[in-house]
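**Q** Take a look at this one; I'll ask things after.
Number of protein chains: 2
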Amino acid sequence: MPQPRKRATIREVAKATGLSPAAVSYALRGLQVSEETIERVRRAAAELGYEADPIARALASGRTGMIGLLCGSLEDLWQQSLAVGVARALKDNDRYALILDAAGDPARESALARQLRDQRVDALIVQPVDPAASLWAELCQSLPVVSIGDSLAGARTAGEVVFDNRTGVTLALEHLRRRGHRRLAVLTSTRASTPDRPADVHVLAEAGRLELDIDVITAPQSPAAATEVARRVLDAGHRAFFCFADSIAYGVYAASAERGLRIPSDVSVMGYDDHPMSGLLTPGLTSVDWDIDGIVRAAVRMVVAAVDGTARRRRIVQAPELRERGSVG
Amino acid sequence: MPQPRKRATIREVAKATGLSPAAVSYALRGLQVSEETIERVRRAAAELGYEADPIARALASGRTGMIGLLCGSLEDLWQQSLAVGVARALKDNDRYALILDAAGDPARESALARQLRDQRVDALIVQPVDPAASLWAELCQSLPVVSIGDSLAGARTAGEVVFDNRTGVTLALEHLRRRGHRRLAVLTSTRASTPDRPADVHVLAEAGRLELDIDVITAPQSPAAATEVARRVLDAGHRAFFCFADSIAYGVYAASAERGLRIPSDVSVMGYDDHPMSGLLTPGLTSVDWDIDGIVRAAVRMVVAAVDGTARRRRIVQAPELRERGSVG
């Protein structure tokens, strides 16, 4: 990994110019001081290497360099991976990610989106809890917004990376059916407050088409909290699970171990999103892979293009692949 | 989980008062409008339930309600858990966390800390990459700062939750020694740019005391990247590992599986920090547990007390416990 460069501080520029740090800061942003002072400060900053600082550059350009990254729920390990991946990719583009957690709450999501706009982020990347919220159309008028997962209703986004959940759900349910399962527990983090999320609509339709008997059960996305739900569902007699997040499937692993049930001989588990840890479990978790690296690249390319004002492709539909690893008996 | 309340928007308050949304926003912050208007807006906001919004309250109080959370490296899964835990605990205190990733780079850490201050966060929680940076003393003069992990040199922090790394390292090395290991690979994310991190100083001293032959090797904290390093170290003949993060130990699991080596009969692995996934592996990863929930509670209590101006205990030393699970043969 590259070693960090030593950068000049604003104090060193202040010392070199005989100005206060505050005056240097203003000068770098072209504010409140004379043209001559601005010129003098910029020259000193360049000599000392202060201009290499992306924040200074961002200030000079009238941008903050900050991109808001509003996550649906960071309890989910895959969303954590996505957030970290996006932040790293933004860093490679000299941007900074401000990561926020909507905690699965649509009202919180709206409040945080507004707050980020007021904090003057240059753009927003959102994995929406409530893609149908009326806020999005309003927000897109003042800020480039890129959405990941679902489209934002009626909003003119700068780009979107949409999951083909229909195919993902079909892959998962057909795999379970092929292995002889007819009765499934479907564990999803979706709450009553956002009942019409596309993935959940598909699962009902597909279960009908495939003549599967499903119980749809709400489960939290953190493995520890999902374990509690999985215990109850196992005790109710379910032995085949389709989990709408690998994080939830980890809860099924933990609860099965507690109950002395073996995967895949006693219990079958299918995940959704293919978190990096899923291949390390014994047996590995069979899951639906969305190519997290591809999502990260596409979303960051779109948001950077939107901030820079260069036109790019606006919509990518992410196709899933089944990763079979042995957790479905 | 509680269902979200429907909150009135600033637009609804604007409609009710006949003012523009901008004027309402100013009025709620007590700015630029007459006392009479401020009173009228506050009354309308209260009637419509807008005051229940923590952001509106924060604005009215002259605070943003935002707490910066500057993480050393979010590639590390445990730091991801810590960040999510802190964000959730702040939420329970009606605060919002802005999560940033210093990506292990001291220069980036400084730039982001300054940027957060300029974004007017009410306080900062930091897990420092470079606890000796001169910036911290300066920053603490303008902002309450709580540090997690190591003390900030010469800085008047609002609080600190410091790990007793000396005991943690001793627990780990003594456990490996008791099992008969004399030659160890120590995988650490510490880079040459921050050579004097206390945990690394201890490991050298303790290895000397216990007459262990150690190779200290830098490894990235993401499991995928750590796997590459682990392959090399296995190929060089090492069979016992002390990893300074469970995330790195996951890389040793992956590389061992690739090489057809079994844990713990062929390879012994010890982690550090006890990530929630460590107990789900086969065999479970033996690790050093820092009580992440206790750290989260303490740090959030300190930062909220500092913002609210109520005095509290300023320093907590976090004691580790060994979690033995079977990965050390």
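Order-wise, the sequence lines are chains X and A.
The opening position of the first sequence corresponds to residue 1 in the UniProt record's numbering, with each subsequent residue numbered one higher.
The opening position of the second sequence corresponds to residue 1 in the UniProt record's numbering, with each subsequent residue numbered one higher.
The beta carbon of each residue, even a glycine, is placed where N, CA and C say it ideally should be.
Counting only beta-carbon atoms, is A:Arg5 nearer than 8 angstroms to chain X?
**A** Residue 5 of chain A sits at position 5 when you count from the first residue of the second sequence. The predicted model places A:Arg5 with a pLDDT of 41, which falls under 50 and marks its position as unreliable; any figure quoted below should be read in that light. Taking Cβ atoms only, chain X reaches closer than 8 angstroms to A:Arg5, which makes this a yes.
**Q** Within 8 angstroms (strictly less), CB to CB, does X:Asp92 reach chain A?
**A** Indexing the first sequence from 1 puts residue 92 of chain X at position 92. No, its Cβ sits nowhere closer than 8 angstroms to a Cβ of chain A.
**Q** Based on Cα-Cα distance, which residue from X:Leu176, X:Gly159, X:Ile263 and X:Gly72 lies nearest to X:Pro144?
**A** Residue 144 of chain X sits at position 144 when you count from the first residue of the first sequence. Of the candidates X:Leu176, X:Gly159, X:Ile263 and X:Gly72, the one whose C-alpha sits nearest the C-alpha of X:Pro144 is X:Gly159.
**Q** Does the Cβ of A:Thr218 have 16 or more other Cβ atoms within 10 Å, making it buried, or fewer, making it exposed?
**A** Within the second sequence, numbered from 1, the residue matching residue 218 of chain A stands at position 218. Under this definition A:Thr218 is an exposed residue.
**Q** How about the stretch 260–278 of chain A and the stretch 236–244 of chain A: do they share at least three Cβ pairs that are nearer than 8 angstroms?
**A** Yes: the two stretches touch, three or more of their Cβ pairs being nearer than 8 angstroms.
**Q** What number of angstroms, rounded off, separates the C-alpha of X:Ser134 from the C-alpha of A:Pro21?
**A** Here residue 134 of chain X refers to the residue found at position 134 when the first sequence is read from its first residue. Here residue 21 of chain A refers to the residue found at position 21 when the second sequence is read from its first residue. Cα-Cα distance, rounded: 17 angstroms.
**Q** Excluding five sequence neighbours on each side, which residues of the same chain lie with their C-beta closer than 7 angstroms to the C-beta of A:Thr194?
**A** In the second sequence, the residue the question calls residue 194 of chain A occupies position 194. Its pLDDT being 49, under 50, A:Thr194 is placed unreliably by the model, and nothing is read from it.
**Q** X:Asp101 CB to nearest chain A CB: under 8 angstroms?
**A** Stepping through the first sequence from its first residue, residue 101 of chain X is reached at position 101. By this cut-off, X:Asp101 is an interface position.
**Q** Is there a Cβ from chain A that is less than 8 angstroms from the Cβ of X:Leu280?
**A** One-based indexing of the first sequence puts residue 280 of chain X at position 280. X:Leu280 counts as touching chain A.
**Q** Between X:Asp213, X:Ser189 and X:Lys91, which lies nearest to X:Arg183 when the distance is taken from Cα to Cα?
**A** Taking the first sequence and counting its residues from 1, the one referred to as residue 183 of chain X is at position 183. Checked all of X:Asp213, X:Ser189 and X:Lys91; the closest Cα to X:Arg183 is X:Asp213.
**Q** For A:Val216, list the residues DSSP reports as bridge partners.
**A** Numbered from its first residue, the second sequence carries residue 216 of chain A at position 216. Note: A:Val216 sits in a beta bridge opposite A:Val186.
**Q** Can you give the Cα-Cα distance for X:Asp308 and A:Ile292, rounded to whole angstroms?
**A** The residue you call residue 308 of chain X lines up with position 308 of the first sequence. The residue you call residue 292 of chain A lines up with position 292 of the second sequence. Taking the straight line joining both Cα atoms gives about 41 angstroms.
**Q** Does the beta carbon of X:Ala254 come closer than 8 angstroms to any beta carbon on chain A?
**A** Walking along the first sequence from the start, residue 254 of chain X turns up at place 254. So yes, X:Ala254 belongs to the interface.
**Q** What is the DSSP secondary structure of A:Lys6, reduced to helix, strand or coil?
**A** By 1-based counting over the second sequence, the position of residue 6 of chain A is 6. Reliability fails at A:Lys6, whose pLDDT of 48 lies under 50, so the model's placement of it is uncertain and the value that follows must be treated cautiously. Coil at A:Lys6, not helix or strand.
**Q** Tell me which residues share the same chain as X:Val304 and place their Cβ nearer than 6 angstroms to its Cβ, disregarding the 5 neighbours each side in the sequence.
**A** To locate residue 304 of chain X, count along the first sequence from 1; it is residue 304. If we look at X:Val304 and ignore the five residues flanking it on each side, its Cβ neighbours are Asn93.
**Q** Closest to X:Asp289 by CA distance: which of X:Ala319, X:Ala311 and X:Val233 is it?
**A** Sequence index remark: in the first sequence, residue 289 of chain X carries index 289 (1-based). Checking every option, the nearest Cα to that of X:Asp289 belongs to X:Ala319.
**Q** Where DSSP assigns a beta bridge to X:Met277, which residues make up the other side?
**A** Taking the first sequence and counting its residues from 1, the one referred to as residue 277 of chain X is at position 277. None; X:Met277 has no bridge partner.
**Q** Flag X:Ala133 as yes when its Cβ comes closer than 7 angstroms to any non-hydrogen atom of the ligand SAH, and as no otherwise.
**A** With respect to the ligand SAH, the structure offers nothing, as it holds no ligand at all.
**Q** Counting along the chain, where does the alpha helix (DSSP H) carrying X:Ile248 start and finish?
**A** Here residue 248 of chain X refers to the residue found at position 248 of the first sequence. Asp246 to Glu258 is the extent of the alpha helix (DSSP H) around X:Ile248.
**Q** So, are the CB atoms of A:Val229 and A:Leu173 less than 8 angstroms apart?
**A** The residue labelled residue 229 of chain A in the question sits at position 229 within the second sequence. The residue labelled residue 173 of chain A in the question sits at position 173 within the second sequence. Not a contact, by the Cβ cut-off of 8 angstroms.
**Q** Count Cβ pairs between the stretch 248–263 of chain X and the stretch 79–86 of chain X that sit closer than 8 angstroms; are there 3 or more?
**A** Segments in contact, no.
**Q** Using 8 angstroms as the Cβ pair cut-off and three pairs as the minimum, do the stretch 63–76 of chain X and the stretch 97–104 of chain X touch?
**A** Touching, yes, given that three or more Cβ pairs across the two stretches are closer than 8 angstroms.
**Q** Closer than 6 angstroms by C-beta to A:Ile316: which residues in its own chain qualify, once you throw out the five before and the five after it? Chain order, please.
**A** Walking along the second sequence from the start, residue 316 of chain A turns up at place 316. Cβ neighbours of A:Ile316 beyond the five flanking positions: Val161 and Ala298.
**Q** Would you say X:Gln283 and X:Gly326 are within 8 angstroms of each other, going by their C-beta atoms?
**A** As a working mapping, residue 283 of chain X is identified with position 283 in the first sequence. As a working mapping, residue 326 of chain X is identified with position 326 in the first sequence. First, the amino acid is wrong: residue 283 of chain X is Pro here, not Gln. Going by C-beta atoms, X:Pro283 is nearer than 8 angstroms to X:Gly326.
**Q** Check the Cβ-Cβ distances between X:Val13 and every residue of chain A, and say whether any is below 8 angstroms.
**A** Start at 1 with the first residue of the first sequence, and residue 13 of chain X comes out as number 13. No, because no Cβ of chain A sits closer than 8 angstroms to the Cβ of X:Val13.
**Q** According to the neighbour-count rule (16 or more other Cβ atoms, all chains shown, within 10 Å of its Cβ), is A:Leu204 buried or exposed?
**A** Mapped onto the second sequence, residue 204 of chain A falls at position 204. It is exposed - the Cβ of A:Leu204 has fewer than 16 other Cβ atoms within 10 Å.
**Q** Under the DSSP definition of a beta bridge, which residues are partnered with A:Thr286?
**A** The residue given as residue 286 of chain A occupies position 286 in the second sequence. A:Thr286 pairs with A:Met270.
**Q** Please report the straight-line C-alpha distance between X:Ala224 and X:Leu124, rounded to a whole angstrom.
**A** Working through the first sequence from its first residue, we reach residue 224 of chain X at position 224. Working through the first sequence from its first residue, we reach residue 124 of chain X at position 124. Near 30 angstroms, if we compare the C-alpha coordinates of X:Leu124 and X:Ala224.
**Q** Give me the chain D residues within the contact set of A:Leu171, using Cβ-Cβ distance strictly less than 7 angstroms, ordered along the chain.
**A** Considering every chain present, this structure includes no chain D. Its protein chains are X and A.
**Q** Can you check which of these residues, X:Gly279, X:Thr286, X:Ala23 and X:Arg156, is closest to X:Arg179 by C-alpha distance?
**A** Residue mapping note: residue 179 of chain X aligns to position 179 of the first sequence, counting from 1. The option with the nearest alpha carbon to X:Arg179 is X:Thr286.
**Q** Give the DSSP-derived three-state secondary structure of A:Gly149 in the structure shown.
**A** Mapped onto the second sequence, residue 149 of chain A falls at position 149. A:Gly149: strand per DSSP, three-state reduction.
**Q** Could one say the Cβ of A:Tyr272 lies closer than 8 angstroms to chain X's Cβ atoms, at least one of them?
**A** Against the second sequence, residue 272 of chain A aligns to sequence position 272. Cβ-Cβ to chain X under 8 angstroms: no for A:Tyr272.
**Q** What residue does the beta strand (DSSP E) around A:Ile263 start on, and which one ends it?
**A** Walking along the second sequence from the start, residue 263 of chain A turns up at place 263. Neither: A:Ile263 is in no beta strand (DSSP E) and is coded neither H nor E.
**Q** Residues of chain A with CB under 9 angstroms from X:Arg88, in chain order?
**A** Position 88 of the first sequence, counted from the first residue, corresponds to residue 88 of chain X. Correct list: Leu74, Glu75, Asp101 and Ala103.
**Q** Across which residues does DSSP place X:Cys243 in a beta bridge pair?
**A** For the purposes of this step, residue 243 of chain X is taken as residue 243 along the first sequence, with counting starting at 1. X:Cys243 is bridged to X:Leu187.
**Q** Work out the CA separation of X:Leu281 and A:Leu280 for me, nearest whole Å.
**A** Counting from one through the second sequence, the residue named residue 280 of chain A turns up at place 280. Counting from one through the first sequence, the residue named residue 281 of chain X turns up at place 281. Approximately 7 angstroms between the Cα atoms of the pair.
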